[in-house]
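Peer 1:
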Amino acid sequence: MKLYVASAGTGKTHALVQELLALLRQGVPLRRMAAVTFTRKAAEELRRRIQGEVARLSSASWAEEAQREVYGAVFTTIHGFMAEAIRHTAPLLSLDPDFALLDELLAEALFLEEARSLLYLKGLDPALEGSLLALYRKRSLAGAFRALPGAEGLLELFQEVLSGYHRRTREALGPGDLEALALRLLEHPQAVRRVVERFPYLLVDEYQDVNPLQGRFFRVLEEAGVQVVAVGDPKQSIYLFRNARVEVFRQTLKEAAEVHRLAETRRHAKAVARFLNRFVERLFPEPERVPVVPLREEEGQE
1 MKLYVASAGT GKTHALVQEL LALLRQGVPL RRMAAVTFTR KAAEELRRRI
51 QGEVARLSSA SWAEEAQREV YGAVFTTIHG FMAEAIRHTA PLLSLDPDFA
101 LLDELLAEAL FLEEARSLLY LKGLDPALEG SLLALYRKRS LAGAFRALPG
151 AEGLLELFQE VLSGYHRRTR EALGPGDLEA LALRLLEHPQ AVRRVVERFP
201 YLLVDEYQDV NPLQGRFFRV LEEAGVQVVA VGDPKQSIYL FRNARVEVFR
251 QTLKEAAEVH RLAETRRHAK AVARFLNRFV ERLFPEPERV PVVPLREEEG
301 QE
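Right, here's the structure in full:
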């Protein structure tokens, strides 16, 4: 994996754009790439950046094809990319590829409705809904809970709630469903090969916020032949409540074949940069520290 370690304002998105343009110059069509980030808004912003660059470089031999493909190219979220991979391999996984997607808030709301209803019907403590929701959010790891003392009853209740939830949502899948199916995909070598053939080039933004399952998903694809470029800043990991683990980034930093550190910024004046560097030195180990190098000549320059 090629990994960019960046600080705020040092050009993370610019690095991704340049990596993608380099692939276009090498003759790789956009339809063979996937660009993945954490929100739909950020994914569309990345698409607009590429669209602008392709228009600016319209005289290049590859530009005409890229202009045709940019609207249909895969610029999406992590779960959006998982959905693309699952649809592409659905027959191998005994799935209908025409499944619908639920956003995270709606999926959790429907699950909680089912949980509350079942707890009421069984006369059980309503406080159990918190434990059930925690299992729902981490259900790809539910098997590991079976080894815990007293967990069997809670897991049986969880499976009953989950069955009711799936009856209500029918063929629609939420983010957790996609992650559970992604695990199935990884266990199917032919399915993995199909994903590699469809998306041999993968660019991932905000890599500091991936969770362990997502990190495994990207790692297995890379080991199978996908060229992965990732960008992240461990100091900006903010999705712990979604099971994001900055340790995934740290492990990748140790194992990456190629590491680039982005340090130069026009966002901060020198005094701000000095403060940030001193602050970061106290909190983060050396491999994760990227001292900010301000390019603004004056303290107050915008």
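For the sequence shown, position 47 matches number 47 in UniProt numbering, and the numbering has no gaps at all.
All C-beta atoms in this analysis are idealised placements derived from N, C-alpha and C, irrespective of residue type, glycine included.
All of these numbers come straight from a predicted model, not from anything done at the bench.
(1) Which residues in the same chain have their Cβ closer than 6 Å to the Cβ of S58, if we skip the five residues on either side of it in sequence?
(2) Distance, Cα to Cα, V28 vs Y136?
(3) Given a cut-off of 8 Å on the beta-carbon distance, is the pair residue 321 and A66 in contact?
(4) In whole angstroms, give me the CA-to-CA distance for L16 and F75.
(5) Return yes when the Cβ of L181 is within less than 8 Å of the Cβ of I86, no when it is not.
(6) Can you find the residues in the same chain that come closer than 6 Å, C-beta to C-beta, to A34, ignoring five residues on each side of it along the sequence?
(7) Short of 8 Å in beta carbon distance, which residues of its chain neighbour L95, apart from the five on each side in sequence? Order them along the chain.
(8) Assuming G174 and E104 form a contact by the criterion Cβ under 8 Å, report the distance between their Cβ atoms to the nearest whole angstrom.
(9) Between G176, P189 and R216, which lies nearest to L93 when the distance is taken from Cα to Cα?
(10) Can you give me the start and stop residues for the beta strand (DSSP E) that F75 sits inside?
(11) Helix, strand or coil for E187, going by three-state DSSP, please let me know.
(12) Assign G225 to one of two classes, buried (16 or more other C-beta atoms within 10 Å of its C-beta) or exposed (fewer than that).
(13) Please report the distance separating the alpha-carbon of L253 from that of G232.
(14) What residue ranges within the stretch 57 to 127 form continuous beta strand (DSSP E) runs of no fewer than 3 residues, ordered along the chain?
(15) Quick check on DSSP: helix, strand or coil for R261?
(16) What do you get for K12, buried or exposed, if any count of 16 or more other CB atoms within 10 angstroms of its CB means buried?
(17) Give the range of the alpha helix (DSSP H) segment to which Y165 is assigned.
(18) What are the boundary residues of the beta strand (DSSP E) that includes residue 329?
(19) Taking 8 Å as the limit between beta carbons, can you name the residues of its chain near L186, skipping five residues before and five after?
(20) Between E84 and A22, what straight-line distance do the alpha-carbon atoms span, to the nearest angstrom?
(21) Per the DSSP calculation, S6 is bridged to which residue(s)?
(22) Assuming V204 and V5 are in contact, meaning their beta carbons sit under 8 Å apart, how far apart are those beta carbons, in whole angstroms?
(23) Whose C-beta lies closer than 6 Å to the C-beta of E258 among residues of the same chain, with five residues either side of it excluded?
(24) Are T77 and R194 close, meaning C-beta to C-beta below 8 Å?
Peer 2: So, from the listed chains and residues:
(1) none
(2) Distance between V28 and Y136, taken at the CA atoms: about 39 Å.
(3) Since the first residue shown for the chain is 1 and the last is 302, residue 321 is missing from the structure and cannot be characterised.
(4) 12 Å
(5) Less than 8 Å separates the beta-carbon of I86 from that of L181.
(6) V74, F81, F199 and L202
(7) I86 and L181
(8) Here G174 really is in contact with E104; their C-beta atoms are around 7 Å apart, less than 8 Å.
(9) P189
(10) V74 to T77
(11) coil
(12) Exposed.
(13) 10 Å
(14) 74 to 77
(15) When secondary structure is reduced to three states using DSSP, R261 falls in the strand class.
(16) buried
(17) A151 to T169
(18) No answer is possible for residue 329: the residues shown for the chain start at 1 and end at 302.
(19) V192, R216, F217 and V220
(20) 24 Å
(21) Checking the sequence, you will find Ala at residue 6 rather than Ser. Looking at the DSSP assignment, A6 forms a beta bridge with L262.
(22) Actually they do not touch by this definition, with Cβ atoms about 13 Å apart.
(23) K2
(24) Contact flag unset, no.
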